[in-house]
Amino acid sequence: MQPDMIQAEGLTHYYGPYPAIQDVSFGVRKGEILGFLGPNGAGKTTTMRIITGFMPPTHGKVTLDGYDVVEQSLEARRRVGYLPETVPLYTDMSVNSYLKYMGTLRGMSPKAIKARLGEVIDVCRLGDYRKTQIGKLSKGFRQRVGIAQAIIHEPQVLVLDEPTIGIDPIQVVETRRLIKELGKDQTVVLSTHILPEVSMLCDRVLIINEGKIVAEDTPKNLAAGLQGVDRLEVEVGGPAAEVLPVLKAIRGVNEVAHTNNDGRHTYTIQAESGQDLRDAISQAVISNGWSLRGLQMVGMSLEEIFLRLTTHEEL
Amino acid sequence: MRTVQAVAWKEIQIYFSSPTAYIVGLIFLALTGFFFTQDLGNPFPEATLVPFFDGAIIMFILLAPALTMRLLAEESKLGTIELLLTSPVRDWEIIIGKYVASLTFFLALVILSFFYAALLFVFADPDPGPIYAGYLGFILYGAAALSVGLLTSTMSSNQIVSAVVAMGILLAMFFADRAFGSVSGLAGEIIGEMGVRGHFDDFSRGVIDTTNIVYFLSVVVFFLFLSIRTLESRRWR
């Protein structure tokens, strides 16, 4: 097994008396895209600031490629490209000179920068704006410049804090495509509160809430684990008043919700966990002489899972 | 070393393209020009730069913070400090780079003021000793004042706060020699010795005393050291 590129153990960080994160541990393998998912203020940014070496954790430790971000900070920082949420840029510099400057800070030689600059500009599609002052660029282009500075030194670890926030839908699609591309060779950690983004981009997702990891899995497993076969949607041709009690009477059915959509009667059935009730339901419907127009398992959407994990109320 | 250079070069470019720096330069040259010519109206004017130096020192209490206030405060404000501190750059490299930039702009102003000295040498026969020594003292004083401003810029993300605090410290240093009379005992001696005036006046009289050079250099080292430590401490807050 490959050793983890990022290894975080027991991270806890206090701002004054309040813990922003508590006992957060995780590992990220080489070439993996890990998503941090959580509501605002859950501790995503704090965790990322610790990984990148911007601030040390109150307790716990992080290693990047085996280097401790506090004890061997310079070595660890050499391996990181970081895009903070606010996309901080020097607004009075041109795109070219800004990228050159960031490259130099990341320890690249002028020669290496020259060789790499064109590539980064192409990848981030900044070709027409090389000489433009950053302050005059739109938000979407600034975001691209932000990503360009994060990848210019070809870091092994790329940390992106909310990389698609505040840009228009077309640019969101582009940015995601870019991240997916980068994730092929690099280890990427990104945070978001946009759920579809997670299923689209990430190999694995950590759901973080109130400073703690509440779930960790692939987006697919996460959805499957919480829904399994226990939720079904059935469309039945028959009088709702009669169908409803019949469905409720089937063994293993916990709950039935009925919706009438212009004469299309749909019933959402919540079964006891792990039970596959498809056969029982279809038999019940047919033996009563109604028509079974549709029967399907419905995945709980990532939204619902997320809400279930991050709110205290039952859905 | 390359990172120090890169940081310094970036800041120098900003100095030479920013209005603040040019306004500071304009005020400096306009007012020192006035101080310089004031004495020339006397029936028996003296070929000296002492009025120029005296005025320049006082003006730098206000102008040095104006030059340095942006250096780190703006990085904190824009959030670019986050990228700076997550790059493989040592804290001292950032501070020294920024300091070198402010010093460079200051030296450019000093060079422009050579004009006054040139006038004296062309139209009169001044004693060169006090002029050379005075310039040395003025450069040392400027270096010290800039290091004070750099420290306060490291402490706050607000440029105004940073500038005002620096002015406060520089004013205190300027008037510290009054402690000789008003504060009794050893404390008065110590505070008085920290005053700028006592150390500077020797220079403009043409006396180059190692004590005075050491005084200004110590101030620079002390404030740069504190700046590095303050930047470092940001990580722990």
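Those protein sequence lines, which keep their order, are chains A and B.
Residues in the first sequence are numbered consecutively from 13, following the working numbering.
Residues in the second sequence are numbered consecutively from 537, following the working numbering.
All C-beta atoms, glycine included, are put in the ideal place defined by N, C-alpha and C.
It should be emphasised that the depicted structure is a prediction, and the values quoted were computed from it without experimental measurement.
| Inter-residue CB distance, L621(B) and F66(A) (contact presumed, cutoff 8 Å) | As a working mapping, residue 621(B) is identified with position 85 in the second sequence. As a working mapping, residue 66(A) is identified with position 54 in the first sequence. The pair is a contact, with the Cβ atoms about 6 Å apart (cut-off 8 Å).
| query | Would V92(A) pass as a contact of V157(A) if the rule is Cβ separation under 7 Å? | reply | Walking along the first sequence from the start, residue 92(A) turns up at place 80. Walking along the first sequence from the start, residue 157(A) turns up at place 145. Contact: no.
| request: Assuming I179(A) contacts K143(A) (C-beta within less than 8 Å), just tell me the rounded distance between them. | output: To locate residue 179(A), count along the first sequence from 1; it is residue 167. To locate residue 143(A), count along the first sequence from 1; it is residue 131. Going by Cβ atoms, the distance from I179(A) to K143(A) rounds to 22 Å, so no, they are not a contact pair.
| task | Consider the Cβ of E326(A): report whether some Cβ of chain B lies at a distance smaller than 7 Å. | result | As a working note, residue 326(A) is residue 314 in the first sequence. The pLDDT assigned to E326(A) is 46, lower than 50, so where the model puts this residue is not dependable, and the model offers no usable value.
| said: Any beta carbon of chain A sitting closer than 7 Å to that of E618(B)? | reply: Taking the second sequence and counting its residues from 1, the one referred to as residue 618(B) is at position 82. Answer yes: the Cβ-Cβ gap between E618(B) and chain A drops below 7 Å somewhere.
| message | Using only the alpha-carbon positions, how far apart do G39(A) and A20(A) sit? | response | Here residue 39(A) refers to the residue found at position 27 of the first sequence. Here residue 20(A) refers to the residue found at position 8 of the first sequence. About 6 Å.
| task | Would you mind working out which of P122(A), A160(A), T116(A) and Y110(A) sits nearest E336(A), comparing C-alpha positions? | result | This structure cannot speak to residue 336(A), because chain A is shown only from 13 to 327.
| query | To the nearest whole angstrom, what separates the beta carbons of G678(B) and F596(B), a pair I think is in contact under 8 Å? | reply | As a first step, residue 678(B) is located in the second sequence; it is residue number 142 there, counting from the start. As a first step, residue 596(B) is located in the second sequence; it is residue number 60 there, counting from the start. Confirmed, Cβ separation roughly 6 Å.
| Which residues in chain A sit within 8 Å of L682(B), going by Cβ to Cβ distance? | The sequence position of residue 682(B) within the second sequence is 146, counting from 1. Going along chain A, no residue has its Cβ under 8 Å from L682(B), so there is no contact; the nearest lies around 21 Å.
| Got a sec: is the Cβ-Cβ distance from T622(B) to anything in chain A below 7 Å? | In the second sequence, residue 622(B) corresponds to position 86, counting from 1. Answer yes: the Cβ-Cβ gap between T622(B) and chain A drops below 7 Å somewhere.
| query | Would the beta-carbon of S554(B) fall within 7 Å of that of A609(B)? | reply | Position 18 of the second sequence holds residue 554(B). Position 73 of the second sequence holds residue 609(B). No; because the gap between Cβ atoms is not below 7 Å, this pair is not in contact.
| task | Tell me whether E326(A) sits in a helix, a strand or coil according to DSSP, three-state version. | result | Residue 326(A) sits at position 314 when you count from the first residue of the first sequence. For E326(A), the predicted model reports a pLDDT of 46, less than 50, meaning its position is unreliable; a value from the coordinates is still stated below. Reduced to three states, the DSSP call for E326(A) is coil.
| request: Report yes or no: is there a C-beta of chain B within less than 7 Å of the C-beta of M17(A)? | output: Here residue 17(A) is taken as the residue at index 5 of the first sequence, counted from 1. Taking Cβ atoms only, chain B never reaches closer than 7 Å to M17(A), which makes this a no.
| query | Among residues of its own chain, excluding the 5 on either side of D215(A), which ones have a beta-carbon nearer than 6 Å to its beta-carbon? | reply | Numbered from 1 along the first sequence, position 203 holds the residue referred to as residue 215(A). For D215(A), the CB contacts under 6 Å within the same chain, skipping 5 residues up- and downstream, are E44 and I45 in chain order.
| request: Compute the beta-carbon to beta-carbon distance between A269(A) and T280(A), rounded to the nearest angstrom, for a pair I have assumed lies under 8 Å. | output: As a working mapping, residue 269(A) is identified with position 257 in the first sequence. As a working mapping, residue 280(A) is identified with position 268 in the first sequence. Yes, A269(A) and T280(A) are in contact; Cβ-Cβ is about 4 Å, under 8 Å.
| query | If the cut is a Cβ gap below 7 Å, which residues of chain A does K546(B) touch? | reply | The sequence position of residue 546(B) within the second sequence is 10, counting from 1. Those within 7 Å of K546(B) in chain A are Y113.
| Can you give the Cα-Cα distance for Y551(B) and I647(B), rounded to whole angstroms? | Numbered from its first residue, the second sequence carries residue 551(B) at position 15. Numbered from its first residue, the second sequence carries residue 647(B) at position 111. Roughly 16 Å between the two C-alpha positions.
| Between the C-alpha atoms of I125(A) and V171(A), what's the straight-line distance to the nearest angstrom? | If you number the first sequence from 1, residue 125(A) lands on position 113. If you number the first sequence from 1, residue 171(A) lands on position 159. Rounded to whole angstroms, I125(A) to V171(A) spans 21 Å at the Cα level.
| Cβ of R156(A) less than 7 Å from any chain B Cβ? | Here residue 156(A) refers to the residue found at position 144 when the first sequence is read from its first residue. No - not a single Cβ of chain B is within 7 Å of the one on R156(A).
| query | When DSSP labels each residue in this structure, what does V358(A) get in the three-state scheme? | reply | With chain A covering only 13 through 327, there is no way to say anything about residue 358(A).
| Would a C-beta distance cut-off of 7 Å place A592(B) and T616(B) closer than the cut-off? | Indexing the second sequence from 1 puts residue 592(B) at position 56. Indexing the second sequence from 1 puts residue 616(B) at position 80. No, the Cβ-Cβ distance between A592(B) and T616(B) is not below 7 Å.
| message | A653(B) and I744(B) - do their beta-carbons sit closer together than 7 Å? | response | Looking up residue 744(B) in the second sequence gives position 208. Looking up residue 653(B) in the second sequence gives position 117. The answer is no: Cβ separation not under 7 Å.
| query | Around the C-beta of E83(A), are 16 or more other C-beta atoms found within 10 angstroms, so that it is buried, or is it exposed? | reply | Within the first sequence, numbered from 1, the residue matching residue 83(A) stands at position 71. In summary, E83(A) is exposed, with fewer than 16 beta-carbon neighbours lying within 10 Å of its beta-carbon over all protein chains present.
| query | So which residues of chain A does R771(B) contact, with C-beta pairs closer than 8 Å? | reply | Position 235 of the second sequence, counting from 1, holds the residue named residue 771(B). The CB of R771(B) comes closer than 8 Å to the CB of F66, M67 and P68 in chain A, given here in chain order.
| task | Give me the Cα-Cα distance between E797(B) and T64(A), rounded to the nearest whole angstrom. | result | As shown, chain B starts at 537 and ends at 773. That puts residue 797(B) outside it, with no answer to give.
| Residue of A253(A), S211(A) and G223(A) minimising C-alpha distance to N233(A) | Here residue 233(A) corresponds to residue number 221 of the first sequence, with the count starting at 1. That would be S211(A), whose Cα lies nearest to the Cα of N233(A).
| field | Per-residue burial, F651(B) [other beta carbons within 10 Å of its own, 16 or more giving buried] | value | Taking the first residue of the second sequence as 1, we reach residue 651(B) at position 115. Exposed: under 16 other Cβ atoms inside 10 Å.
| query | Does any C-beta atom of chain A lie closer than 7 Å to the C-beta of L614(B)? | reply | Numbered from 1 along the second sequence, position 78 holds the residue referred to as residue 614(B). True, the Cβ-Cβ gap to chain A drops below 7 Å.
| said: Contact criterion: CB-CB distance below 7 Å. Does A602(B) meet it with respect to chain A? | reply: By one-based count along the second sequence, residue 602(B) stands at place 66. So, not an interface residue.
| field | Residues, ordered as in the chain, of the region 73-96 of chain A that lie near chain B by beta-carbon distance below 7 Å | value | L86, R89, R90, V92, Y94 and P96
| field | Cβ separation of I146(A) and M105(A), assumed to be a contact under 8 Å, to the nearest whole Å | value | In the first sequence, counting from the first residue as 1, residue 146(A) sits at position 134. In the first sequence, counting from the first residue as 1, residue 105(A) sits at position 93. Correct: roughly 6 Å between the Cβ atoms.
| Checking contacts by CB at 7 Å: is A637(B) closer than that to chain C? | Absent here is chain C; the protein component of the structure consists of chains A and B.
| field | Near-chain A residues of the region 538-570 of chain B (beta-carbon distance less than 9 Å), N- to C-terminal order | value | From the region 538-570 of chain B, only R538, T539, Q541, A542, V543, W545, K546, Q549, I550, S553 and S554 have a Cβ closer than 9 Å to chain A.
| task | Whole angstroms is fine: what's the gap from V99(A)'s alpha carbon to R276(A)'s? | result | Numbered from its first residue, the first sequence carries residue 99(A) at position 87. Numbered from its first residue, the first sequence carries residue 276(A) at position 264. V99(A) and R276(A): Cα-Cα distance of roughly 49 Å.
| Buried/exposed call for K56(A), threshold 16 Cβ in 10 Å | Here the question's residue 56(A) lines up with position 44 in the first sequence. That one is buried.
| Any beta-carbon of chain B closer than 7 Å to the one on R118(A)? | Looking up residue 118(A) in the first sequence gives position 106. Cβ-Cβ to chain B under 7 Å: yes for R118(A).
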